[in-house]
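Data first, discussion second: the structure below is written as structure tokens.
Number of protein chains: 4
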Amino acid sequence: MCRWVAYSGSPVLVEDLLYMPKNSLIVQSLNSRLGAEPTNGDGFGLGWYGAQDTPGRFRSTEPAWNDRNLRDLSAHISSRMVLAHVRASTGSPVQETNCHPFRHGRWLFMHNGYLNGFATMKRDLSMAIDPALYAEIEGSTDTETFFYLALTYGLMDDPPAAVARAVGVIEATAQRLGVPFPVQMTVATTDGETLWAFRYSSEGRSRSLFRSTDAATLRQQHPDSPVLAKVSDDARLVVSEPLGDLQGAWREVPESTCITVRAGSEELQPFAPTALQGVG
Amino acid sequence: MCRWVAYSGSPVLVEDLLYMPKNSLIVQSLNSRLGAEPTNGDGFGLGWYGAQDTPGRFRSTEPAWNDRNLRDLSAHISSRMVLAHVRASTGSPVQETNCHPFRHGRWLFMHNGYLNGFATMKRDLSMAIDPALYAEIEGSTDTETFFYLALTYGLMDDPPAAVARAVGVIEATAQRLGVPFPVQMTVATTDGETLWAFRYSSEGRSRSLFRSTDAATLRQQHPDSPVLAKVSDDARLVVSEPLGDLQGAWREVPESTCITVRAGSEELQPFAPTALQGVG
Amino acid sequence: MCRWVAYSGSPVLVEDLLYMPKNSLIVQSLNSRLGAEPTNGDGFGLGWYGAQDTPGRFRSTEPAWNDRNLRDLSAHISSRMVLAHVRASTGSPVQETNCHPFRHGRWLFMHNGYLNGFATMKRDLSMAIDPALYAEIEGSTDTETFFYLALTYGLMDDPPAAVARAVGVIEATAQRLGVPFPVQMTVATTDGETLWAFRYSSEGRSRSLFRSTDAATLRQQHPDSPVLAKVSDDARLVVSEPLGDLQGAWREVPESTCITVRAGSEELQPFAPTALQGVG
Amino acid sequence: MCRWVAYSGSPVLVEDLLYMPKNSLIVQSLNSRLGAEPTNGDGFGLGWYGAQDTPGRFRSTEPAWNDRNLRDLSAHISSRMVLAHVRASTGSPVQETNCHPFRHGRWLFMHNGYLNGFATMKRDLSMAIDPALYAEIEGSTDTETFFYLALTYGLMDDPPAAVARAVGVIEATAQRLGVPFPVQMTVATTDGETLWAFRYSSEGRSRSLFRSTDAATLRQQHPDSPVLAKVSDDARLVVSEPLGDLQGAWREVPESTCITVRAGSEELQPFAPTALQGVG
């Protein structure tokens, strides 16, 4: 069911982020430790921000572990905000338009999990999407529909509120249609300045999610560790599973939490779906 | 804007159909004579019927002209009903789920043309699709939506009537939304026994479409032609453009026509969209 | 390091062979039990014999587990001799020309294992290939070079002798260049009538290889088993690992063995490399 | 037979180079004006230099004209030296390892043309390659063999001399084996600082090659042209065919010429193959 990595901080060379850690996202594409399935070989995607108005993105249907283009590009891209994702399909086809992160304007969005009974709910959820956005949808994943619902409910203005509304609509729809435990998610989304990540599931048993301890603190704990050499003090990572074994480097993000990362600081808040009047 | 070939008759080796003619579909993928664009290199698809309940299908994003798998498979597949298509995208992504022919149960469907202003009409048209079928849609082409509208309006019972209704709904929707000349099409669809092909456009200036003269007649006209050696008497082809230059072998299908091919005989009838009550 | 399946017998529907068993080759592409690595997602290949002079072949860089074309094609191909392979690359690129089985005329060849120190030996081994065959090589795998060495040493006349000579040349070359334990292999090769399989390694610790017990015997042992329903009495399989758990159905092929399967019977003989005069 | 573009000068946004010109390389991938064939849809490649020791490279088997990753990446890469190529295969498979530019350390190399009778010459030419380099070859194109011959004869020390020797060896080999007019080429190669381009063919009828007039001169000739707005004074392009129609902007590179571009200046010298003692 996918694994992902989100980085915010001083510009990082994407190759250092994706390939160097002991349990890197590339390692996880072949053999993850905490994923619902070990292998996440149904394509991958990379999004990053630079000097342009909108983020760059590279997606492929090839498994990440042997993709040479990804290796090459990673060695030549540095960025202050990087989202990367390796996919394990839950049934929808393996194609570039079904790879995360999804993009709209300056926004990127990726997801580990699924919308249960999506085939049953798809039409109703699609109809709840802002009609002006509907034709933008290019793939067939539950995630893309979820993203466009979040956009519909104001992702670009207030991401936590928008995601809460989107989840609320999905759960209300599921209830109406008799679908149990509809939402299983960890999500990351960003506008290139701030990173929001969420951990939630209707059943309360969500996919794994971790956040990094800041490098300054870690350097005190591990003064001799070479691993920390390239990590800037303002670097913050939110990840599906720890990228390495350094003691104290990774702290689990609790269930039903939204974490906001900006300028080297982070804030955790409870997350819960909200119901919309007249919807669902 | 695509080119296609449909064959009905005694089993034909797909390689003979796709690769041997002077202006074969493979030649047309690189350089068609009568297509809206010469090159149709945005993927291809092949559908055929055998002993199974449902037709086989092979689709790829690679241009057909150099695809080795297609060459290999063609040499090993014989079938009494074959639909093959090479794609020139009108904007939607190049991916297998956007390649024709589309399939539903025993039915195959392919198209040359486009639905003008599809982005404007997409939501409304998608909502007109039978809710029970909606979640089957995997791609993002106008053709796939058109196919599912035809299924919604009874393609499996009466294809000419269903296609006429689907076109009627599209044109009514276009009128309501201010989209000019919405439908440009040649279409082929089959259940494995009968082949229906259509030539129509809202503007009355449709993509090219031809049907073959029967081999018995041609053999009388060209007693020495080696080209006809492998063609059975009951073979009928409907094609975007002639596969060769044999005099008298190809006759244009008129505008606004539906051609029905079954068991070595064919029938042409006028085609016109029909309006549905309360729709559009 | 790959897994493979070879079938010989009454025509089998490829889908039954590839998808139905509990530990099918498709399952093994994602998670094999006995492979050097669990995942074999670096492409796949299928070869089969029909009415044509040469076998058909379908190869792709996509992992086998989610490939729709493979599923579709398998449902429409029946054959008396089928070779199928899922790849785990040992370093060479993931591309169709590096997928097995390799083909030359009527012959197919596939391999699980590697030639140790291949980069060191490649030039010398390439030079030992029949100059008339050299330009046919399209990929960069050790297996393809091994195949062309076998062709050079008479594969088409006497496969066991040819493979023995090829291995002998590789080992002599390795000794000269200081490469330890150069050959690790299970190999299957066929001309469409007879199937030869080999298990051997320079170190004596070869990849797994099993052969099936004949169906008639198994039906006596398991009179109620539905699994055996579709298996013809002359069916013989040679496989990297057992396709299921039926007691007595699979017997390990010993180290240093060549197994010859023809017309529902099989013969095991010792296999050892032979040295060529003046080579290596 | 391919088209290519080489840029040297102040950092250019790759998107401006590849997508903006009227007859851009992307346009040429679908429909070139002066190429041996109009369509060059058998894959593409992009190489560029940045802060790393070695150049970055992105290659794909997809036609360039609809490749979204290429569009995205181009919008996010700026570089002082850019080589880009769209391929029309002369027979070898369509795979990433057969896409140009080829790379060795800091060096990139691309080619429009072919080595006539390559299948006949391949073994001999392969044997002339430095044994230490032989195993690096991953594809099956004539170009890659040509590149490795040039490396063997000192490309990294003196490119014009090395290319001259390589062509000499190819022509001598061809003469020995009875292959007529073996070499057809325009070639570009660079170490990231200097760009060398060559136009030559054994027959004296080479593929097209042009160089740009400097922007300062052009601005005098066309003071109102917006096209020149983004072109730096030290920008120099060497291209298969003109990227636009601006009068005086493109001058043909004569037959049998080597052009050296460095730091905004260029030098043309005659090019002729040289014979090596004891080779061929």
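Chain order of the listed sequences is F, X, W and D.
Using the working numbering, you'd call the opening residue of the first sequence number 55 and step up by one each time.
Using the working numbering, you'd call the opening residue of the second sequence number 55 and step up by one each time.
Using the working numbering, you'd call the opening residue of the third sequence number 55 and step up by one each time.
Using the working numbering, you'd call the opening residue of the fourth sequence number 55 and step up by one each time.
From the three backbone atoms N, C-alpha and C, an ideal C-beta is built for every residue, glycine too.
In whole angstroms, give me the CA-to-CA distance for residue i and residue j.
i: glutamate 320/D; j: threonine 151/W; result: 41 angstroms
i: glycine 246/W; j: threonine 206/W; result: 20 angstroms
i: arginine 87/X; j: glycine 298/X; result: 11 angstroms
i: serine 260/D; j: methionine 181/X; result: 58 angstroms
i: glycine 101/F; j: leucine 71/F; result: 13 angstroms
i: glycine 193/X; j: valine 315/D; result: 47 angstroms
i: phenylalanine 235/D; j: asparagine 85/X; result: 28 angstroms
i: aspartate 278/F; j: glutamine 301/F; result: 13 angstroms
i: arginine 253/F; j: methionine 55/F; result: 14 angstroms
i: threonine 144/D; j: alanine 283/D; result: 38 angstroms
i: alanine 60/D; j: valine 285/D; result: 14 angstroms
i: proline 65/D; j: tyrosine 73/X; result: 47 angstroms
i: proline 117/F; j: threonine 115/X; result: 17 angstroms
i: valine 293/W; j: isoleucine 80/F; result: 30 angstroms
i: valine 281/D; j: serine 78/X; result: 42 angstroms
So with Cβ pairs under 8 angstroms, would you call residue i a contact of chain W?
i: serine 194/D; result: yes
i: glycine 99/X; result: no
i: proline 185/D; result: yes
i: aspartate 96/F; result: yes
So the candidates are the options; which of them puts its Cα closest to the Cα of residue i?
i: serine 146/D; options: Trp161/X, Asp121/X, Phe156/X; result: Asp121/X
i: valine 217/F; options: Ser143/F, Thr240/F, Arg230/F, Thr195/F; result: Thr240/F
i: glutamate 69/D; options: Trp119/D, Thr93/D, Ser86/D; result: Trp119/D
i: glycine 104/D; options: Gly104/F, Ile131/F, Leu79/F, Gly99/F; result: Ile131/F
i: threonine 248/F; options: Ser310/F, Ser294/F, Leu79/F, Pro214/F; result: Pro214/F
i: glutamate 198/X; options: Gly258/X, Arg273/X, Leu169/X, Glu295/X; result: Leu169/X
i: proline 109/F; options: Glu116/F, Leu127/F, Pro75/F, Ser133/F; result: Ser133/F
i: glutamine 106/X; options: Ser128/W, Pro117/W, Val59/W; result: Ser128/W
i: valine 148/D; options: Gly208/D, Asn94/D, Ile313/D; result: Asn94/D
i: alanine 251/W; options: His276/W, Gln238/W, His165/W; result: His165/W
i: alanine 186/F; options: Leu179/F, Tyr202/F, Trp58/F; result: Tyr202/F
i: tryptophan 58/W; options: Gln82/W, Leu67/W, Val66/W, Tyr73/W; result: Gln82/W
i: alanine 317/D; options: Pro280/D, Asp287/D, Ser255/D; result: Asp287/D
i: alanine 326/X; options: Thr271/X, Ser62/X, Ser255/X; result: Ser255/X
i: aspartate 211/F; options: Gly232/F, Thr243/F, Val237/F, Ala228/F; result: Thr243/F
i: leucine 162/D; options: Asp184/D, Ile183/D, Leu209/D; result: Leu209/D
i: glycine 232/W; options: Gly171/W, Ala204/W, Leu137/W, Tyr188/W; result: Gly171/W
Quick check: is the beta carbon of residue i nearer than 8 angstroms to any beta carbon in chain X?
i: threonine 197/D; result: no
i: glutamate 150/F; result: yes
Could you tell me if residue i is buried or exposed, where buried requires 16 or more neighbouring beta carbons within 10 angstroms of its beta carbon?
i: valine 96/D; result: Looking at the sequence itself, residue 96/D is aspartate, so the reference to valine does not match. Buried: at least 16 other Cβ atoms inside 10 Å.
i: arginine 111/W; result: buried
i: arginine 141/W; result: buried
i: leucine 322/W; result: exposed
i: aspartate 196/W; result: buried
i: arginine 230/X; result: exposed
i: alanine 289/D; result: buried
i: glycine 167/W; result: buried
i: glutamate 414/W; result: Since the first and last residues shown for chain W are 55 and 334, residue 414/W lies out of range.
Using a C-beta cutoff of 8 angstroms, does residue i count as contacting chain D?
i: alanine 189/W; result: yes
i: glycine 334/W; result: A caution first: glycine 334/W carries a pLDDT of 46, below 50, which makes its placement in the model too unreliable to give a value.
i: proline 213/X; result: no
i: leucine 272/F; result: no
Report yes or no: is there a C-beta of chain F within less than 8 angstroms of the C-beta of residue i?
i: serine 143/W; result: yes
i: threonine 93/W; result: yes
Hey, is residue i close to the ligand HEM, as in C-beta under 7 angstroms from one of its heavy atoms?
i: tyrosine 202/W; result: With respect to small molecules bound, the structure shown includes none, and the ligand HEM cannot be examined in it.
message = Between the region 303 to 315 of chain F and the region 260 to 267 of chain F, can you find at least three pairs of beta-carbon atoms closer than 8 angstroms?
response = With the rule of 3 Cβ pairs closer than 8 angstroms, the region 260 to 267 of chain F counts as touching the region 303 to 315 of chain F.
| Do three or more CB pairs link the region 218 to 225 of chain W to the region 169 to 183 of chain W at distances below 8 angstroms? | yes
Q.
Tell me whether the region 121 to 130 of chain X and the region 155 to 164 of chain X touch, counting them as touching only if at least three CB pairs, one residue from each stretch, are closer than 8 angstroms.
A. Touching, no, given that fewer than three Cβ pairs across the two stretches are closer than 8 angstroms.
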